[in-house]
Structures are given as C-alpha cells and as structure tokens.
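Working notes, structure below.
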Amino acid sequence: MIEFIHVSKRYPGGTEALLGINLEISQGEMVFLTGHSGAGKSTLLRLISLIERPTRGSITVNGRDVSKLPQRSIPYYRRKLGVIFQDHRLLPDRSIFENVALPLQISGTDRRIIGKRTRAALDKVGLLHKEKAMPDMLSSGQQQRVGIARAVVNRPAILLADEPTGNLDPELSEEIMQLFVDFNRVGVTLLIASHDQHLISHFGQRIIELESGQIRNGNIT
Amino acid sequence: MSVFSPVDFLRQHTDAARQALRELLHHPLTTLLTLLAIALALALPGMLLAILDNVQQAASPWEDSRQINVFMKLDVTDDRLAELANEWRSDGEIEDIKIISKKQALEQFKKDTGLADTLELLETNPLPAVLIITPKDSISGPESVESLSTRLTTDPAVDQVQLDQEWLKRLQSFLQFLNTSILLLAFLFGLMVTLIIVNSLRFEIIRRQNEIEVIKLVGGSNEYIQRPFLYTALFLGLIGAVLAVLIIQVSFLFLAPYLESLLSHYNNASSPLHLGSKTILTIPLAALFLSLVSTWLSIKFNLRQVEPQ
C-alpha cells in the first residue's frame, strides 16, 4: 500500500532528515512510527502527504509513484488520505460540524450527503452532540477526536497521524488509540507517529523505530 | 476525477461568494474604508470623463458647421450688399446666404452685450456688414470649403472671410488633448484601485493563512482556495463602482447650475449636467476589470506562497 525505496530527504542547509529509507506497509496494516524527536518521524509522514518531496528515491502509494506527482494533482491525491495532526489544526471560527464537513465541502459533495457523512463521523468519535459547538468550547481530547472525525469523513483507505496523543494524558491517549484500532478493524491502513513507547507497545502492532533519519528496527511486535 | 455539473459549479460559486461577503462584513470598518478609497479613486477620473462628455455634447451642434462668415469692408452700402448677395446666390457652390446689415449687426451687438448706452456715444457704426454663407452639400471636405472662401476673398467689397471650421478644429484638438490627459489620469487611478484591492486581499490572505493551510492539507484545490478571494475583489470593485457613481451624481448636483450659466453664454440650451450612460457603464466595467487583475496578481504573488508547514 505504501512503499519507500531508497528515500532520502535533505533540508536546505544540509540537515539529512531521512537517509536511504526502505519501507513497505501492506494494506490493512496498523504501523507505529517511533523514535526521538528529530529522528525523522514527521518528515516521513510529510513525504507521504506530499507536504514535502523527497530529495532522492521514490514513494509509491496505492501502486502509484507519488514522489513525482504534479503539483496540481496533489489536492485530489490528499482527498484519499486522512491526516491527523498533533495540534489537530481545527478552524477556530467554524463549528465542529463545519470543521468535520470541510473535506467533503472541498470535494464538492452533495449537501445532503455531507450532513449524513459528517454526523456519522462525529458519531464514531462520540461527539455527535457537540456538532454545533465551537472548537474552543471543547477539551483538548475532544478537539483531537474532532480532528480524527475530519480525517475519516472522506472514508480514506489510509490514515496518517503525527503524534496524535502528544498533548493528551495517558487515559485520553488510550481512548484515541482505541479509536485507531477500530478503524484498522474495518480495513483502514494506519501509520501513526508517536514517541510514547509505553503506549504503543500495548497494541501488539508493528513498530518502526527511526534514529537519525534511518530505520533502526522495522519489525518489533 | 469528477464530472462537470452545472449545479455543483453554481453551488461552489455561491458558497465562495457567501464566504467572501461574510469575511467583508466581519470587518465592517476596514471594508468601509477600503470601499471609500476605491470609490474615490474611481470617481475622480469618472467625473472628469463625464464632464468632458458633457462639454463634447454641448459642442456637438456646431460640429457640422460649414458656415463661411464674409465680413464686408465698412464702406459697403446696403444696396451693394444686397446686390452682391444676389450675385452669389446663383453661384453653383452656394446653397444659401443670410444678410446681416451694419444696422442689424449693431442691434444684435447691443442686445447681446447690454452696451446700448455706450454705443449711442459713437457717431458712426463700427461694425461691418456680414454675409453668412452656407455652401452646397455637394461640395464637401474642408478643402473645397476653403477654396470657396478663398474665391470669395478676391471680391473687392470683402474685408475678411472666416471659416467656422477653423475654430472648430481648434476646439476639437483642445478637447482631444483633454480627453487624452483624462485617460492617462484614469489609467493612473486604475493602478491605484488595483493596489488598494491587492493590498486588501493580501491582508485577508495573511489573516487566513492557517485556514488556507488546513484547506490545502485536506485536499482543497487552488481553485477552491482562490474563489472566495475572487469574490472579495469583485464585491470591493463593484460596490466601489456604485459608490463612485453616487459620488459623481451628488457632485453634479452642485456643479449643474454653474455649467448651465456657462452654456447660456453660448446660446446653447443643452441639457443640464448629466452622467451619460457611457460613464455609468464605464465605471463598473473598469472596476470589474481591475478586480480581476487584482485577483490574478494576489494569487500569483501572495496566495501561491501559502503552503502547509
């Protein structure tokens, strides 16, 4: 489903964020990406969502080499991915419903379908009753769940999450991870970056450890 | 990816327009000041163009004037004048002759100037008799009218021949000069409107940077992101144009009496100062064009630079 072949990323200024990464993630897998901060976790995810381009190597997603995807095709490619951020990146001046509906609205979905799918996504993360609230009225755990609802509302086959529990206490983190496990059960491929070794070891899933831009161990389970 | 559907297209545009309107109303004072700046920058050249238009219209009755004024020598008697007129009436190039005798000329002058009492003091009439000659339509073009006038000059009774066309040419070239100056001025003010709108959009882009990044991250195309900015520019430009037309109308209410009294000196009962349909159409069309140019500039130099970090 996702394949990295000899991928390197060097930032202007000479920092090597990733060095010769070879990686394969199959359909329906749930994979954790771990390592210290600065090890390259975020860069790896940003290469998949094409926020950045690799300096060398190729990245294949769904059988398609996306490292050379033309700029104007990126929006359509991103609509097939769900992306979750540490700071959830909700729009503060839009309601919870509008935030979750955003990806559907962007892709020009019919209004009735938007309503149905948005509520289904909110229901899945247990926040249907908050649809009219504004983001700053919610706790950070709830805000992150809204971010997850927005990521899954388009029913993507792949979910990418960058430190989704970075700002949460252990109990809330566990809840969020449990949500990911549920998505994985219905066939979604997940790649989750987290530095919290203790938390991710609970789930018995594949763990890829990055160190200084290289894979140290790709098969801890 | 998706098939084009007019319904979707329309909805995307109404959504973008509504969003643009909401953003503008969200900062009413900023919006108002921007609108006024645009309106004034459009109103100034618009008003000058409208005034020029009015002057040109007022001058238009004279435009076809091909009259030749033949001033007689002072010692030409009324009898000689009538004789000459009769002689010329049979000329193949002359359509009509109007006779203004010395006496008539004096009466007219008294009437026009109100200097009747002063003129009484003069012992002799200082004004010459005049024959106003209308050439036949069959002779056309300035050259043939000129050759006719040259021929008339040769008569010993004639003192001087004056063509209406000569001062008309002078008037025309003056109006042409004014017109070009005003167009140049309009161009400079157009640049100013563009800068105002570009600056306003730039402010909006900076303010909404986070939102634009998020939209890009969840798959918003450039078109989707650009659309609200296009509508912001259109609203600013077109509402500014309406305000500009209002500003000109109100200014003309003040100016109208002055122009009317000016025109009355030229025996010209032209319609009062008005905003011609030309100006009423030109201002919004110019605003529309400038809005589109501004959007294009903003997209190229400001919006494209916003990429998710």
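In order, the protein sequence lines correspond to chains L and E. Each number in my numbering comes from the position in the first sequence (counting from 1) with 9 added on. Each number in my numbering comes from the position in the second sequence (counting from 1) with 12 added on. For glycine and all other residues, C-beta sits at the position ideal for the given N, C-alpha and C.
- request: List the residues of chain A that P84 (chain L) touches, going by C-beta distances under 7 Å, in chain order.
  value: Of the protein chains in this structure, namely L and E, none is chain A.
- prompt: Between which two residues does the alpha helix (DSSP H) carrying P147 (chain E) extend?
  reply: Taken as a continuous stretch (DSSP letters only), P147 (chain E) belongs to no alpha helix (DSSP H), being part of the beta strand (DSSP E) at V142 to P147.
message: Check whether chain L comes within 9 Å of M13 (chain E), counting only Cβ atoms and requiring the distance to be less than that.
response: Unreliable positioning characterises M13 (chain E) in this predicted model, as indicated by a pLDDT of 44, which lies under 50. A coordinate reading is not provided.
- prompt: What does Y236 (chain E) reach in chain L if we use C-beta pairs closer than 7 Å?
  reply: I115
query: the stretch 40-70 of chain E: which residues have C-beta closer than 8 Å to a C-beta of chain L, in chain order?
result: none
query: Hey, is L54 (chain L)'s beta-carbon within less than 9 Å of any beta-carbon in chain E?
result: no
message: With distance defined between alpha-carbon atoms, name the residue in E:I295, E:K290, E:Y236 and E:L267 nearest to L113 (chain L).
response: Answer by Cα proximity: E:Y236.
message: Quick test of the definition: if touching needs 3 or more C-beta pairs under 8 Å, does the stretch 169-176 of chain L touch the stretch 191-204 of chain L?
response: Segments in contact, yes.
Delimiting residues of the alpha helix (DSSP H) encompassing K114 (chain E): Annotation: the continuous alpha helix (DSSP H) that includes K114 (chain E) extends over K114 to T125.
- prompt: What three-state label does DSSP hand H138 (chain L) in the structure shown?
  reply: Correct three-state label for H138 (chain L): helix.
- prompt: Just by C-beta distance, which residues in the stretch 47-75 of chain L are closer than 8 Å to chain E?
  reply: S58 and I60
message: My output table needs one value for A198 (chain E): the three-state DSSP class, helix, strand or coil.
response: Residue state, collapsed to three classes: helix.
query: Just how far apart, CA to CA, sit I106 (chain E) and Q174 (chain E)?
result: Between I106 (chain E) and Q174 (chain E), the C-alpha separation is close to 16 Å.
message: Nearest by alpha-carbon distance to Q261 (chain E): which of E:I251, E:S273 and E:G288 is it?
response: Answer by Cα proximity: E:G288.
- request: Could you tell me the boundaries of the alpha helix (DSSP H) in which M59 (chain E) lies?
  value: Where M59 (chain E) is concerned, the enclosing alpha helix (DSSP H) stretches over P40 to A71.
Burial state of M39 (chain L), where buried means 16 or more other Cβ atoms lie within 10 Å: buried
field: Within-9 Å CB hit, L27 (chain L) to chain E
entry: no
- prompt: Any beta-carbon of chain E closer than 9 Å to the one on Q176 (chain L)?
  reply: Checking the displayed sequence, the identity of residue 176 (chain L) turns out to be Asn instead of Gln. With 9 Å as the cut-off, N176 (chain L) does not count as an interface residue toward chain E.
- prompt: Which chain L residues are close to V226 (chain E), counting only those with a beta carbon under 7 Å from its beta carbon?
  reply: R98 and L100
query: Hey, how far is the Cα of E132 (chain E) from the Cα of I144 (chain E)?
result: 26 Å
query: Distance, Cα to Cα, V88 (chain E) vs T162 (chain E)?
result: 20 Å
message: Taking CB distances under 9 Å as the criterion, tell me whether P21 (chain L) reaches chain E.
response: no
Contacts that V92 (chain L) makes with chain E (C-beta to C-beta distance below 8 Å): L229 and V230
- request: Starting from the beta carbon of A126 (chain L), find every residue of chain E whose beta carbon is closer than 8 Å, and list them in chain order.
  value: According to the sequence displayed, residue 126 (chain L) carries Arg and not Ala. In chain order: nothing, as chain E lies at least about 14 Å away.
- prompt: Would you call S182 (chain L) buried or exposed, if buried means 16 or more other Cβ atoms sit within 10 Å of its Cβ?
  reply: buried
- prompt: Is the stretch 193-209 of chain E in contact with the stretch 36-50 of chain E, if contact means three or more CB pairs nearer than 8 Å?
  reply: yes
task: Name, please, each residue of chain E whose Cβ falls closer than 9 Å to the Cβ of L111 (chain L).
output: V226, I227, V230 and G232
Closer than 9 Å to chain E by CB, R121 (chain L): no
- prompt: In the structure shown, what three-state DSSP assignment does L134 (chain E) receive?
  reply: DSSP places L134 (chain E) in coil when its eight states are reduced to three.
field: Chain-ordered chain L contacts of E223 (chain E) [CB-CB under 7 Å]
entry: L100
- request: Determine the DSSP secondary structure at H97 (chain L), reduced to helix, strand or coil.
  value: coil
- prompt: Looking only at DSSP bridge pairs, what is E25 (chain L) linked to?
  reply: L:R19
query: Are F241 (chain E) and L213 (chain E) touching if we call contact CB-CB under 9 Å?
result: yes
query: Looking at the C-beta of P296 (chain E), does it have a partner C-beta in chain L at a distance below 9 Å?
result: Cβ-Cβ to chain L under 9 Å: no for P296 (chain E).
field: Counterpart residues of T43 (chain L) in DSSP-defined beta bridges
entry: L:E218
task: Count the CB pairs spanning the stretch 48-59 of chain L and the stretch 218-228 of chain L that are closer than 8 Å, and state whether there are at least three.
output: yes
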